[in-house]
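Participant: Residue numbers (this note's numbering): 1 to 153. Could you have a look at this structure, given as structure tokens, before my questions?
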């Protein structure tokens, strides 16, 4: 049983197996949020517990098989003096089996490298990530050829 604290200061006690995803919100309003299903369908709860603590608790409790941590990119409300929303980075930790499809994005000015189609609430949704498809697969980037500085060697 995980003993967590909501952003409102309430206690939340759930089995680790109920956790669908652990997130570090892009807006930074709360240190962590989770998606969990304790029998009433998927719910989202904002937590005052730190993202790393909840992620480790989910791993230790074997909440997910073959989990992956992704850097998500989302628009956040503008700060004072800014006219438009800005893109910010957060984190998502979930089972790879929740990813139903992937699409590579090239040359996005906001730093989006891929769009993932994920099933976190019982229906597909799209999230933007700053990780490349190769990074998600654990493939090292192709080596860059460095021109030789010594001639005739």
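Glycine is no exception: its CB is placed at the ideal position from the N, C-alpha and C atoms.
Distance, Cα to Cα, residue 134 vs residue 71?
Facilitator: On the chain shown, residue 134 is found 134 positions in, with the first residue counted as 1. On the chain shown, residue 71 is found 71 positions in, with the first residue counted as 1. Cα to Cα, residue 134 sits roughly 14 Å from residue 71.
Participant: Should residue 11 be labelled buried (16 or more other beta-carbon atoms within 10 Å of its own) or exposed?
Facilitator: Locating residue 11 in the chain shown gives position 11, where the first residue counts as 1. Exposed.
Participant: Give the secondary structure of residue 111 by DSSP, where H, G and I count as helix, E and B as strand, and everything else as coil.
Facilitator: Within the chain shown, the letter at position 111 stands for residue 111. DSSP places residue 111 in coil when its eight states are reduced to three.
Participant: Consult DSSP for residue 133 and reduce its assignment to one of helix, strand or coil.
Facilitator: Counted from its first residue, the chain shown places residue 133 at position 133. Three-state DSSP puts residue 133 in a helix.
Participant: With a cut-off of 8 Å on the beta carbons, I'd call residue 6 and residue 45 a contact; round off their distance for me.
Facilitator: On the chain shown, residue 6 is found 6 positions in, with the first residue counted as 1. On the chain shown, residue 45 is found 45 positions in, with the first residue counted as 1. About 6 Å separates the two Cβ atoms, so the contact holds.
Participant: Give me the Cα-Cα distance between residue 55 and residue 83, rounded to the nearest whole angstrom.
Facilitator: By 1-based counting over the chain shown, the position of residue 55 is 55. By 1-based counting over the chain shown, the position of residue 83 is 83. For residue 55 and residue 83, the distance between alpha carbons rounds to 35 Å.
Participant: Since residue 80 is in the alpha helix (DSSP H), which residue starts that stretch and which ends it?
Facilitator: By 1-based counting over the chain shown, the position of residue 80 is 80. No alpha helix (DSSP H) contains residue 80, which DSSP labels as neither H nor E.
Participant: With DSSP as the reference, label residue 26 as helix, strand or coil.
Facilitator: What you label residue 26 is simply residue 26 of the chain shown in a count that begins at 1. Here residue 26 sits in coil by DSSP.
Participant: Determine whether the beta carbon atoms of residue 31 and residue 60 lie at a separation below 8 Å.
Facilitator: Your numbering for residue 31 matches position 31 in the chain shown. Your numbering for residue 60 matches position 60 in the chain shown. Not closer than 8 Å, so no.
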